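Colleague: Quick one: this structure, given as structure tokens, is what I'll be asking you about.
There are 2 protein chains.
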Amino acid sequence: MSAAKSLGAPVPPGGTIGILGGGQLGRMLALAAARLGLKAHIYCDDPRAPAFQVSAAHTVGKFADQAALAAFARACDVVTLEFENVPAESVAHVAGLVPAYPSARALGLTQDRFDEKCFVQSIGLTTPRFAAVDSAQEARALFETFGRRAVLKTRRLGYDGKGQAKPTSGDEAAAAFAAFQNAPSIIEAFIDFDFEASVIAARGRDGSFAAYDPPENVHEQHILRRSVVPGRLTPRQSDDAKQIARRIAVALNYVGVFAVELFVLRDGSLLVNEIAPRVHNSGHWTIEACAVSQFEQHVRAVAGWPLGDPARHADAAMENIIGEEANAWESYARRAGALHLYGKGEARPGRKMGHFTQLSPLTRA
Amino acid sequence: MSAAKSLGAPVPPGGTIGILGGGQLGRMLALAAARLGLKAHIYCDDPRAPAFQVSAAHTVGKFADQAALAAFARACDVVTLEFENVPAESVAHVAGLVPAYPSARALGLTQDRFDEKCFVQSIGLTTPRFAAVDSAQEARALFETFGRRAVLKTRRLGYDGKGQAKPTSGDEAAAAFAAFQNAPSIIEAFIDFDFEASVIAARGRDGSFAAYDPPENVHEQHILRRSVVPGRLTPRQSDDAKQIARRIAVALNYVGVFAVELFVLRDGSLLVNEIAPRVHNSGHWTIEACAVSQFEQHVRAVAGWPLGDPARHADAAMENIIGEEANAWESYARRAGALHLYGKGEARPGRKMGHFTQLSPLTRA
């Protein structure tokens, strides 16, 4: 390993950040790296990956292709990811050749909903009640145990509502498990929350920590529709959310940006719903409302640079542009605010095509 | 010419903006195009051009290579430039194949200091006193006529102080002309200004106009050191500067972003120093202080999109990072504000390597 690739030295301007995954998050990471004079090298199996359009180099390859991964790793000074379903083994393989963040351990833990929730509880944080489900029979029985108000999810590989079911009977719970093709699953108590929120935070290689103000999030059909900061969170809840993120970051010895999705209950308390070991859709407003965006913050963290100030200089509302909504790009372009389009060819239903952020004067820091 | 390449239709997301020139301005234009889901194709003769690192496509070619230029033009939906010394004939050649902005006429006019000043006076604006110089004898004589307080410049191809002399005697004026290898030149009265300023403005394909608040600029050794907005300009001077820009844009039937460099005299009046037919170093603060930066504004203008709102949401101070100063990148990264590095390999003296922008609360709109 060359001196530049040792764990201690930061990646200097001109160096290369490797990114596993080539979607819009990889694209925005590459744009942020470019601002700092760093090159991006994208690894993705889709030859039309949106991130390729803005990167100095790219490799079309599968995550299982160890030779291609090794060649990619050797061309980079540090490697990170934009997609939490990169196999942890692939990250471990890369990490044998070049520094890679987040670690395979942190990634592996957050890839399994059951392991993740056990971890969250083990560090004294609260999650919805949950249990592992390994058979249709268990699904049926636990659905009853959970008072018939529960959500069934596969332990692995779900996002934007994929691999999730909301049964209304024991039979439906059993059928849902079968529909998951008997994949190891988890049942979670249905939470009658007041609203949803998230906190985006970063931990540097040196252990420094920085958290953005947590937005309130609105989902529609399991897809994020809108993030508003400060939203309905009280200053106390905002601080609580940041402390939750800090505790998770330290326990995972995490490096990089990550998000914690939260349920805010009617009594004001916060439950941890999910950890995303990457930059997060609910943090896109940081591009305009903060001096250092979540994307630049992640690049800084994994490259060993000092973390930037996460302070907000404005209130912000971000809304996603989903599927056919992108056809209205001209009307978005006429609105006051910041339009982002991701360079995706086809506006399929449910596909995140872009986002739009509106700023307004800071109401509270 | 295909429908998409006709003058009327805007370039839709997924389309390609061609950029002649691959320096930091081309790089920041490419980054801005990417935000809007547009691809950038850079044309530059330097195989290590900084803009290549962030662009979907690039061509290494000389501006004189008509075949390469034609192939480039055919691959683009619209072509623009980042560098005012692109030969006007090259732009005219490209414009025969695909819409190109600014026009070869506007470009040609601003490439000649004498023609430019004649134009500025012809539309009723004020410049420093000037005269064409075509011999060493004329240089000597006019230096005396101008009261021995005058600057000698080549009419064409100067930037950052190159091709300029400040003689202290008639002999020196004659020698300076000889040192310019007898290139057609211009003599300008030395202006004892209060301070320097500039105005960055845009005109859309539809004739719409938008001007940013003009910054006060400080130069050192003919290179921009610092731009501050609002600086010392009064609201009246700020409005005057925008009106100057509007008059120039309309007279040139200009499309795109341009800058007008101004001298602010002690009596409060404004003199036009120079027109730059491109995005401008003194407008870099718009990346952070405005919803739509000068780079995105230029992309919008040439792509036929609606112009964005140029309103500032903060005061701003931008300083250039020049030559060896870039070695201190870690200390810049620690400061509160936005660091931009341009991906240039070698920190040669006088070379613009990056810039740093600090925001502060808006003192006046």
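Chains A and B, in that order, are what the protein sequence lines are.
Residue numbering for the first sequence follows our numbering, beginning at -9 and increasing consecutively.
Residue numbering for the second sequence follows our numbering, beginning at -9 and increasing consecutively.
Just so you know, even glycine gets a beta-carbon here, dropped at the ideal spot from N, CA and C.
Nothing here was measured: the structure is a model prediction, and the numbers come from that model.
From the DSSP output, which residues share a beta bridge with R341(B)?
Modeller: Note: R341(B) sits in no beta bridge, so no partner.
Colleague: When you compare the CB of L19(B) with every CB in chain A, is at least one pair closer than 7 angstroms?
Modeller: no
Colleague: Less than 7 angstroms between the beta carbons of V69(B) and A63(B), yes or no?
Modeller: Between V69(B) and A63(B), the CB-CB gap stays under 7 angstroms.
Colleague: Please work out which residues of its chain come closer than 7 angstroms, Cβ to Cβ, to R338(A), disregarding the five sequence neighbours upstream and downstream, and give them in chain order.
Modeller: G313
Colleague: Using a C-beta to C-beta distance shorter than 9 angstroms, which residues of chain A count as neighbours of D36(B)?
Modeller: Correct list: empty, because the minimum Cβ distance to chain A is about 15 angstroms.
Colleague: Can you tell me whether I238(A) is buried or exposed, with buried defined as 16 or more other CB within 10 angstroms of its CB?
Modeller: buried
Colleague: Assess contact between the region 196 to 212 of chain B and the region 167 to 174 of chain B, defined as three or more Cβ pairs (one per stretch) separated by less than 8 angstroms. Is contact present?
Modeller: no
Colleague: With A187(B) and L223(B) assumed to form a contact (beta carbons below 8 angstroms), what rounded beta-carbon distance in angstroms separates them?
Modeller: 6 angstroms
Colleague: Please state the DSSP three-state secondary structure of I213(B).
Modeller: strand
Colleague: List the residues of chain B that Q43(A) touches, going by C-beta distances under 7 angstroms, in chain order.
Modeller: A24, K29 and A46
Colleague: Mind checking I176(A): buried by the 16 CB within 10 Å criterion, or exposed?
Modeller: With 16 or more Cβ atoms within 10 Å of its Cβ, I176(A) is classed as buried.
Colleague: Would G5(A) pass as an interface residue toward chain B - the criterion being a Cβ-Cβ separation below 7 angstroms?
Modeller: no
Colleague: Based on Cα-Cα distance, which residue from Q127(B), A163(B), D305(B) and G98(B) lies nearest to L142(B)?
Modeller: A163(B)
Colleague: Is the CB of L15(B) under 7 angstroms away from at least one CB in chain A?
Modeller: Closer than 7 angstroms to the CB of L15(B) there is not a single CB belonging to chain A.
Colleague: Kindly confirm or deny that the region 290 to 308 of chain B and the region 259 to 278 of chain B touch, where touching means at least three C-beta pairs closer than 8 angstroms.
Modeller: yes
Colleague: Between the alpha carbons of G344(A) and A328(A), how many angstroms are there, rounded?
Modeller: 11 angstroms
Colleague: Run down chain B in chain order and give the residues with a C-beta less than 7 angstroms from the C-beta of R324(A).
Modeller: Ordered by position in chain B, the residues that pass the 7 angstroms Cβ test against R324(A) are P296.
Colleague: Can you give me, in chain order, the residues of the region 333 to 348 of chain B that have a beta carbon less than 9 angstroms from any beta carbon in chain A?
Modeller: Within the region 333 to 348 of chain B, the residues whose Cβ lies closer than 9 angstroms to any Cβ of chain A are, in chain order, G333, K334, G335, M343, G344, T347 and Q348.
Colleague: Taking Cβ positions only, does G327(B) come closer than 7 angstroms to chain A?
Modeller: At least one chain A Cβ lies under 7 angstroms of G327(B).
Colleague: So that I know if they touch, is there some Cβ in chain A lying closer than 7 angstroms to that of A281(B)?
Modeller: yes
Colleague: Can you find the residues in the same chain that come closer than 7 angstroms, C-beta to C-beta, to D102(B), ignoring five residues on each side of it along the sequence?
Modeller: R145 and R146
Colleague: State the CB to CB distance for the pair L99(A) and R268(A), rounded to an integer number of angstroms; the pair is presumed to be in contact (CB under 8 angstroms).
Modeller: Not quite, the Cβ-Cβ distance comes to about 14 angstroms (not below 8 angstroms), so this is no contact.
Colleague: Classify I113(A) as buried or exposed, calling it buried when 16 or more other Cβ atoms lie within 10 Å of its own Cβ.
Modeller: Exposed.
Colleague: Can L261(B) and F248(B) be called in contact, C-beta distance under 7 angstroms?
Modeller: no
Colleague: So, at 6 angstroms on beta carbons, what are the nonlocal neighbours of D105(A) in its own chain, with the 5 sequence-adjacent residues on each side left out?
Modeller: Cβ neighbours of D105(A) beyond the five flanking positions: L99.
Colleague: Taking the beta carbon of L10(A) as the centre, do at least 16 other beta carbons fall within 10 Å, making it buried, or is it exposed?
Modeller: buried
Colleague: Measure from the alpha carbon of G194(B) to the alpha carbon of each residue in G221(B), H212(B), V240(B) and P157(B), then state which is nearest.
Modeller: V240(B)
Colleague: Would you list, in sequence order, the uninterrupted alpha helix (DSSP H) runs of no fewer than 4 residues that lie entirely inside the region 4 to 32 of chain B?
Modeller: At a cut-off of 4 residues, the continuous stretches assigned as alpha helix (DSSP H) that sit fully inside the region 4 to 32 of chain B are 14 to 25.
Colleague: So within the region 62 to 118 of chain B, which uninterrupted beta strand (DSSP E) runs reach at least 3 residues, ignoring any that extend past its ends?
Modeller: 68 to 71
Colleague: Does I9(A) get closer than 7 angstroms to chain B when you measure Cβ to Cβ?
Modeller: no
Colleague: Give a yes or no on whether 7 angstroms exceeds the smallest Cβ distance from L331(A) to chain B.
Modeller: yes
Colleague: Per the DSSP calculation, Q154(B) is bridged to which residue(s)?
Modeller: K143(B)
Colleague: Who are H288(B)'s beta bridge partners in DSSP?
Modeller: According to DSSP, H288(B) bridges with nothing at all.
Colleague: What is the DSSP secondary structure of V282(B), counted as helix, strand or coil?
Modeller: coil
Colleague: Going by C-alpha to C-alpha distance, which of T353(A), L297(A) and R256(A) sits closest to R182(A)?
Modeller: The displayed chain sequence assigns Asp, not Arg, to residue 182(A). Taking only the C-alpha atoms, the option nearest D182(A) is R256(A).
Colleague: Tell me which same chain residues have a C-beta within less than 7 angstroms of the C-beta of E336(A), skipping the five on either side of it?
Modeller: none
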